[in-house]
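Student: Let me give you the structure first, and then I'll get to my questions.
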Amino acid sequence: MNAIASPNLAQVLDHPGIWRRSADRQPRVRALSTGWTSLDAKLPGGGWPQGALSEILFEHDGLGELDLVMPALAALTQEHRRVIFVAPPYLPYAPALAAAGVDLRFLHEIHAGSTEAAWSMEQCLRSGCCGAVVGWLPDIDYRSLRRLQLAAETGDACAMLFRPATHAAQNSPAALRLKVSNSDEATYVDVLKSRGLLTTTAPLLRMRA
Amino acid sequence: MLWACLRFPGLAFSAAFAATPEAGPSALLDGHARQRLIAAANEEAAAFGVRRGQSVAAARALCPALDVRPRDRDAETRLLAGIAAWCYQFSGHVSLAPPQAILMEVGASLRLFDGWPVLAERLRSGLLEQGHPHTLAATPFAAASWIFAASEDGMVLPEREGVLRMLAALPLTRSGLSASMVKSLQAMGFRRLEDIFRLPRPELTRRIGRDGVAWLDRIRGQSAHALPAWQPPASFLQRIEFDSELDGSQPLLFPLRRLTRELANLLAARDGGVQRFTLTLEHARGQSTRIVVAMAAPQREAERLFELARTRLERTTLPAPARAIELVAEELPVFRPPLRDLFEPVRGDGLDWPTLDERLRARLGDAALRQIALVADHRPERAMRYGTPGPVVSLPRRRRPLWLLPRPMPMRPDPVAVLAGPERIESGWWDGADARRDYYIVRTVEGQQAWAYLPPGTLDGWMLHGWFA
Numbered sequence: 000m001n002a003i004a005s006p007n008l009a010q011v012l013d014h015p016g017i018w019r020r021s022a023d024r025q026p027r028v029r030a031l032s033t034g035w036t037s038l039d040a041k042l043p044g045g046g047w048p049q050g051a052l053s054e055i056l057f058e059h060d061g062l063g064e065l066d067l068v069m070p071a072l073a074a075l076t077q078e079h080r081r082v083i084f085v086a087p088p089y090l091p092y093a094p095a096l097a098a099a100g101v102d103l104r105f106l107h108e109i110h111a112g113s114t115e116a117a118w119s120m121e122q123c124l125r126s127g128c129c130g131a132v133v134g135w136l137p138d139i140d141y142r143s144l145r146r147l148q149l150a151a152e153t154g155d156a157c158a159m160l161f162r163p164a165t166h167a168a169q170n171s172p173a174a175l176r177l178k179v180s181n182s183d184e185a186t187y188v189d190v191l192k193s194r195g196l197l198t199t200t201a202p203l204l205r206m207r208a
Numbered sequence: 000m001l002w003a004c005l006r007f008p009g010l011a012f013s014a015a016f017a018a019t020p021e022a023g024p025s026a027l028l029d030g031h032a033r034q035r036l037i038a039a040a041n042e043e044a045a046a047f048g049v050r051r052g053q054s055v056a057a058a059r060a061l062c063p064a065l066d067v068r069p070r071d072r073d074a075e076t077r078l079l080a081g082i083a084a085w086c087y088q089f090s091g092h093v094s095l096a097p098p099q100a101i102l103m104e105v106g107a108s109l110r111l112f113d114g115w116p117v118l119a120e121r122l123r124s125g126l127l128e129q130g131h132p133h134t135l136a137a138t139p140f141a142a143a144s145w146i147f148a149a150s151e152d153g154m155v156l157p158e159r160e161g162v163l164r165m166l167a168a169l170p171l172t173r174s175g176l177s178a179s180m181v182k183s184l185q186a187m188g189f190r191r192l193e194d195i196f197r198l199p200r201p202e203l204t205r206r207i208g209r210d211g212v213a214w215l216d217r218i219r220g221q222s223a224h225a226l227p228a229w230q231p232p233a234s235f236l237q238r239i240e241f242d243s244e245l246d247g248s249q250p251l252l253f254p255l256r257r258l259t260r261e262l263a264n265l266l267a268a269r270d271g272g273v274q275r276f277t278l279t280l281e282h283a284r285g286q287s288t289r290i291v292v293a294m295a296a297p298q299r300e301a302e303r304l305f306e307l308a309r310t311r312l313e314r315t316t317l318p319a320p321a322r323a324i325e326l327v328a329e330e331l332p333v334f335r336p337p338l339r340d341l342f343e344p345v346r347g348d349g350l351d352w353p354t355l356d357e358r359l360r361a362r363l364g365d366a367a368l369r370q371i372a373l374v375a376d377h378r379p380e381r382a383m384r385y386g387t388p389g390p391v392v393s394l395p396r397r398r399r400p401l402w403l404l405p406r407p408m409p410m411r412p413d414p415v416a417v418l419a420g421p422e423r424i425e426s427g428w429w430d431g432a433d434a435r436r437d438y439y440i441v442r443t444v445e446g447q448q449a450w451a452y453l454p455p456g457t458l459d460g461w462m463l464h465g466w467f468a
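This is how it looks when you write it as structure tokens:
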């Protein structure tokens, strides 16, 4: 008799590295709830992927693009995990952040030029002591994006990158790409790319009336 | 008891050449002001034939490019104390034996460091890394160790009998007795220590005096030898003066590395850390540049301290060439290694926030990293400040934008729709920054939601102040 029980097929197929097309179960993605029920439902794992880079491409300032990430960031700071804003384009306004539930003690801002910003974002992601790192790097290139994605994997942190929507057509190594646009006086969120999601032709989500 | 003795034959030389590494043939001068003689020369100078005891003129004639410097006894004492600080990590009883030796009791430390061979290896490799050539010997008696360190490098004699046997065979010239005593004893026909050990005590006392006999007792362990214990100082101050002016930050790195290593040695001795130290670079005409290096948490490693100081130094523009560098650390707080949760998985590089914070500050500058805090003020631009967040103050009841513009700017084109408002904000008449505005939440033609205001009573002149991002 073989002392080691040979695994049966079901157990083999249970391995997280194996994914079957027929399975209704989504591949396992560890995620951080976005706080927006309709968006969570569309994302694999039900939220922002952890240990990965998410890109948010927005057409203009003030479409609600930051509202999209606030619930998740607020939840992190309430768990005493650090959230870093790298090179924000305006002043992150404390009263509004506090009203959104952010514990300001765990929010840090890094004021840096574009090359320094990419470096600091990578350092923060890699360090392993930051819950989420949110960056505004409009002219980042593919190689730096790739570095950020790797750093997020290494540090198991949530990387969120805000870029103008003009970059939507470019190739990107990000695990998740969302596009925030506006038409008919409402804001829509479109999932451009999502690792582990079968269809990318889902209907637009209406976020802000 | 086991007393180890470390002797540094090159101490006087390295103390005089501490500021800049010697390049090319160099020699050290000693003696009276009238007649200065070469006391030591490096290998390159020796290759030209420069020898100890030559006059400066003779040495210069042999080697015109010779770099000569006078002996600096204060610097030697400081350097020796610096080495003692480093040695303090191996023993609780370290004693200075100027001009060039350190005695330390290692008998009590042997178990901790896995025996003499391991301890000796650590001493030697550590000293060589710091650039101090040395000789080492250990016996139960401090005075005997001192003698053997000079003549028999690497000798260890844990037993009294062995020490006595070795001492007996030692020529008088190496016995540590003063030159005049040795001379008179030799004149009497004595050559080795065994010859005088056999003499009756009163006879010996008559010939070489009480001091000589006391010394002979000490090297044989027949009388107690009280050695003052070195105590680590409570603050750090070191200064290196340069012979020539150094321009730019690059040449300053060598003395800087030396200073930070000395500081780290002291910190290790005190089991302390340093959270803040000041580098002062002195220029001509009493000018000086101060660079404050502050850290989020106390640090103690030499490499880390050097890196932090280096990045600060490299970002500073020096107004003039530097003549001296000084490192002052007034407070040396207790060092607490970072606490980690035993079961928490280590993510990524496993850095803690203070370490990351320091790394970022070192490269980006202190001003680049900031936190935001709430302020109880109705004026929007004054409702927040940069600084450590305090307790949550009462928040405005109305909606506020996540992005605030650094200063309001005229809005072009005018908004297409008003979504909410007006909210009258009128405050600040008491401090001269009076504000009287009607705030509206508006929508632009692109569908953006903005926070804009109008002067009360007007319908024109929209000022954009924030984005509901």
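One line per chain: the protein sequences are X and S, in this order. When the letters of the first sequence are read in order and numbered with numbering that gives the first Met the number 0, they come out as residues 0 to 208. When the letters of the second sequence are read in order and numbered with numbering that gives the first Met the number 0, they come out as residues 0 to 468. Every residue gets a Cβ at the ideal spot worked out from N, C-alpha and C, and that includes glycine. Please read these numbers as outputs of a predicted model, since none were measured by experiment.
(1) Which same chain residues, not among the five before or five after G30(S), have their C-beta less than 7 Å away from its C-beta?
(2) Please tell me whether A97(X) has its Cβ less than 7 Å away from any Cβ of chain S.
(3) Please name the residue or residues paired with I239(S) in a DSSP beta bridge.
(4) Measure from the C-beta of G127(X) to each C-beta in chain S and report whether the shortest distance is under 7 Å.
(5) If you run the structure through DSSP and keep just helix, strand and coil, what is A2(X)?
(6) I'd like to check one pair, A151(X) with G45(X): are the Cβ atoms closer than 7 Å?
(7) Give me the residue from E357(S), Q129(S) and W229(S) with the minimum Cα distance to R260(S).
(8) Along chain X, in chain order, which residues have C-beta atoms closer than 7 Å to that of A367(S)?
(9) Rank A451(S), V441(S) and L404(S) by C-alpha distance to the C-alpha of Y89(X) and give the top, closest one.
(10) Which residues of the region 367 to 382 of chain S have a Cβ closer than 7 Å to any Cβ of chain X? Give them in chain order.
(11) Below 8 Å on the Cβ atoms is my guess for C157(X) versus W47(X); work out the distance and round it to an integer in Å.
(12) Is E193(S) near A167(S), with beta carbons less than 7 Å apart?
(13) Please report the residue range of the beta strand (DSSP E) in which A136(S) lies.
(14) Work out the CA separation of R80(X) and R358(S) for me, nearest whole Å.
(15) Near M159(X), what residues of its chain come up, given a Cβ to Cβ distance below 6 Å and the 5 sequence neighbours on each side ignored?
(16) At a CB-CB cut-off below 7 Å, which residues of chain S make contact with Q77(X)?
(17) Of the choices R411(S), R284(S), A96(S) and A74(S), whose alpha-carbon is the least far from that of C4(S)?
(18) Could you work out which residues of chain X lie near W115(S), taking near to mean beta carbons separated by less than 8 Å?
(19) Since D351(S) meets chain X, which of its residues come closer than 8 Å, beta carbon to beta carbon?
(20) Near S54(S), what residues of its chain come up, given a Cβ to Cβ distance below 8 Å and the 5 sequence neighbours on each side ignored?
(21) In three-state terms, what does DSSP make of F161(X)?
(22) Under 8 Å by Cβ, that's how I've got E471(S) and G23(S) pegged, so tell me the actual separation to the nearest angstrom.
(23) Relative to the C-alpha of G81(S), which candidate in C62(S), P116(S), S13(S) and A142(S) has its C-alpha closest?
(24) In terms of residues, what are the limits of the alpha helix (DSSP H) holding F253(S)?
(25) List, in order along the chain, the chain S residues whose C-beta lies closer than 7 Å to that of S119(X)?
(26) Using 7 Å as the limit for Cβ to Cβ distance, is H166(X) near chain S?
(27) Under 7 Å, Cβ to Cβ, is there at least one residue of chain S near A2(X)?
(28) Rounding to the nearest angstrom, what Cα-Cα distance links P353(S) and D73(S) in this structure?
(29) Flag A506(S) as yes if its beta-carbon sits less than 7 Å from any beta-carbon of chain X, otherwise no.
(30) A11(S) and L27(S): beta carbons closer than 7 Å?
(31) Quick one, are the C-beta atoms of A164(X) and E58(X) less than 7 Å apart?
(32) Under 9 Å between beta-carbons, which chain X residues line up against L245(S)? List them in chain order, please.
(33) Below 8 Å, can you find three or more Cβ-Cβ pairs linking the region 204 to 222 of chain S to the region 235 to 254 of chain S?
(34) How is D541(S) classed by DSSP in three states: helix, strand or coil?
(35) Which residues in chain X sit within 9 Å of W402(S), going by Cβ to Cβ distance?
(36) Helix, strand or coil for W118(X) per DSSP?
Tutor: In terms of the structure at hand:
(1) L36
(2) yes
(3) I324(S)
(4) In terms of beta-carbon proximity, G127(X) lines the interface with chain S, with at least one pair separated by less than 7 Å.
(5) Its pLDDT being 49, under 50, A2(X) is placed unreliably in this model, and the value from its coordinates should be taken loosely. Coil at A2(X), not helix or strand.
(6) no
(7) Q129(S)
(8) I109, H110 and A111
(9) Among A451(S), V441(S) and L404(S), the Cα nearest to that of Y89(X) belongs to L404(S).
(10) Listed in sequence order: A367, L368, R369, Q370, I371, A372, L373 and A382.
(11) 5 Å
(12) yes
(13) T134 to T138
(14) 19 Å
(15) S53, V68 and V133
(16) Near Q77(X) there are no residues of chain S at all, since even the closest Cβ is about 13 Å away, more than 7 Å.
(17) A96(S)
(18) The premise fails here: W115(S) is roughly 42 Å from chain X at the closest Cβ pair, so nothing lies under 8 Å.
(19) Simply C128.
(20) If we look at S54(S) and ignore the five residues flanking it on each side, its Cβ neighbours are Q34, R35, L36 and I37.
(21) strand
(22) An answer regarding residue 471(S) cannot be provided, because it is not within the stretch 0 to 468 covered by chain S.
(23) Answer by Cα proximity: S13(S).
(24) F253(S) -> alpha helix (DSSP H) spans L252 to R269.
(25) L359 and L363
(26) no
(27) For A2(X), the pLDDT reaches just 49, beneath the cut-off of 50, and the residue's location in the model is therefore unreliable, although a value from the coordinates is still provided. Judged by the 7 Å Cβ criterion, A2(X) is not in contact with chain S.
(28) 38 Å
(29) This structure does not reach residue 506(S), given that chain S is present from 0 up to 468, and the question cannot be answered.
(30) yes
(31) yes
(32) Going along chain X, no residue has its Cβ under 9 Å from L245(S), so there is no contact; the nearest lies around 29 Å.
(33) no
(34) With chain S covering only 0 through 468, there is no way to say anything about residue 541(S).
(35) D60, G61, L65, P87, P88, Y89, L90, P91, Y92 and A95
(36) helix
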